[in-house]
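Engineer: In this note's numbering, the protein residues as written are 837 to 995.
Here a beta-carbon is modelled for each residue, glycine too, at the ideal position from N, C-alpha and C.
(1) Based on the DSSP secondary-structure assignment, which residues constitute the bridge partners of residue 877?
(2) Just curious, the beta strand (DSSP E) that residue 916 is in, first and last residue?
(3) Between which two residues does the beta strand (DSSP E) holding residue 900 run?
(4) Is there contact between the stretch 980–989 and the stretch 960–968, where contact requires at least three CB pairs shorter than 8 Å?
(5) Contact defined as beta carbons within less than 8 Å: I believe residue 943 pairs with residue 917. What is the distance between those atoms, to the nearest angstrom?
(6) Should residue 890 be counted as a contact of the ligand FMN given a C-beta to heavy atom distance under 7 Å?
(7) At what residues does the beta strand (DSSP E) containing residue 946 begin and finish?
(8) Taking DSSP as the reference, what is the three-state secondary structure of residue 930?
(9) Taking only the alpha-carbon atoms, compute the straight-line gap between residue 975 and residue 885 and give it to the nearest angstrom.
(10) Mapping the DSSP letters down to three states, classify residue 886 as helix, strand or coil.
(11) To the nearest angstrom, how far is it from the Cα of residue 936 to the Cα of residue 920?
(12) Is the beta carbon of residue 925 sitting closer than 8 Å to the one on residue 948?
(13) Hey, residue 877 and residue 946 are a contact pair by Cβ (cut 8 Å); roughly how many whole angstroms apart?
(14) Helix, strand or coil, according to DSSP, for residue 922 in the structure here?
(15) If you run the structure through DSSP and keep just helix, strand and coil, what is residue 983?
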């Protein structure tokens with residue numbers, strides 16, 4: 837895969853879609869590549885993260901654990917330009933799911949130190965991420981407020 841292909845994949849990925857071309861070029865050079873065979877484990881649930889991943893090719897299956905059930909939740913498939921572990925791009929977190937290659941795949945790991953470097957060198961990217969994440973949090977709060985209102989409406993009235 838050439839540099840232009842890498843940049844196109846990164847440019848289509850959530851979070852990185854906000855970056856200018858030079859920032860994507862730096863990510864492409866600084867990110868760690870890993871080839872996975874079909875069925876190979878990328879990481880296990882509970883492990884501390886060492887960065888987030890962008891799927892460059894293939895498909896990664898995420899198998900989240902459901903605390904309210906003895907069974908795992910339905911798997912989530914992440915393919916080309918998908919981001920796995922968005923929080924892990926910025927800080928170490930416990931992995932909430934197992935991640936396994938569903939087919940031969942290639943991923944690019946972006947560590948918090950690489951992300952920090954890119955954001956320092958490209959402050960416009962940092963501002964764009966801040967704005968995008970702020971908007972997502974506001975949407976989440978609005979959604980939770982709506983759920984709260986519906987639940988309050990369903991609660992039995994005290995006499």
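Structural biologist: So, from the data block:
(1) 936
(2) That residue, residue 916, is in no beta strand (DSSP E); it is neither H nor E in DSSP.
(3) 895–900
(4) no
(5) The Cβ separation is near 11 Å, so there is no contact.
(6) Absent from the structure shown: the ligand FMN. Ligands present: none.
(7) 941–946
(8) strand
(9) Cα to Cα, the separation comes out at about 26 Å.
(10) coil
(11) 11 Å
(12) yes
(13) With 8 Å as the limit, residue 877 and residue 946 do not qualify as a contact, their Cβ atoms being about 19 Å apart.
(14) coil
(15) helix
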